[in-house]
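In the working numbering, the protein residues as written are 2 to 137.
Think of the CB as a built atom: it goes at the ideal place given N, C-alpha and C, for glycine as much as any other residue.
This report concerns only the one structure given below.
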Amino acid sequence: MRNAKLDQLIDQMENYLECWKQFNRFINLARDKHFSAEDDLQFLELKSVVIQQLEMILASIEVVSPTKDEIHNLVGNASSLRYLSELSDGAVRNLENQWHRIYVGWLSIMGQLKVRQRQDESTPFPFWFFRRSRKD
């Protein structure tokens with residue numbers, strides 16, 4: 002039996018994970034100092050989507066890790082691509098490590114949601130649903 006809310010949440014999480022991949026791509030652009038003003042605007046938009054979607058996800062499910070504070074800290078410490086491009090290599094590596102921990106946490110949550118989805122799909126209708134009424 003399909004659970005429409007769970008399916009919708011999984012779709013939302015898949016889109017959210019794509020945003021996290023893009024976030025990492027922007028970190029790499031900043032590290033390589035190969036970005037434009039348009040890239041910087043897109044990065045700002047992406048950060049907005051990441052924070053807004055976070056709130057929507059947290060309203061749907063309880064998330065222990067990654068924490069809201071971890072995500073806000075990471076996004077807040079990446080104010081712009083220009084700012085990131087001026088950080089030392091060590092600071093950028095630290096940011097990447099934070100990103101990776103958060104990303105792995107979201108992947109774990111996605112895996113748990115997909116397990117629940119499969120369980121819902123494999124749950125048969127109750128046996129009484131198929132019984133015919135007997136007139137003895």
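For residue i, the three-state DSSP class (helix, strand or coil)
i	result
N4	coil
I103	helix
L88	coil
K22	helix
S123	helix
S66	coil
Contacts around residue i, its chain only, beta-carbon distance under 8 Å, and the 5 residues preceding and following it disregarded
i	result
L7	L114, R117, Q118 and D121
C20	L47, V50, V51 and Q54
Closest by C-alpha distance to residue i, when choosing among the options
i	options	result
S61	Q9, N25 and S123	Q9
Q54	A38, E15 and H101	E15
V65	G106, G112 and L45	G106
Q13	R3, F27 and E56	E56
A79	I11, F24, L59 and D90	F24
Residue i: first and last residue of the uninterrupted alpha helix (DSSP H) it sits in
i	result
H73	K69 to N78
I58	A38 to S61
Beta-carbon proximity list for residue i, same chain, < 6 Å, skipping 5 on both sides
i	result
F36	L30 and L82
S86	A31 and K34
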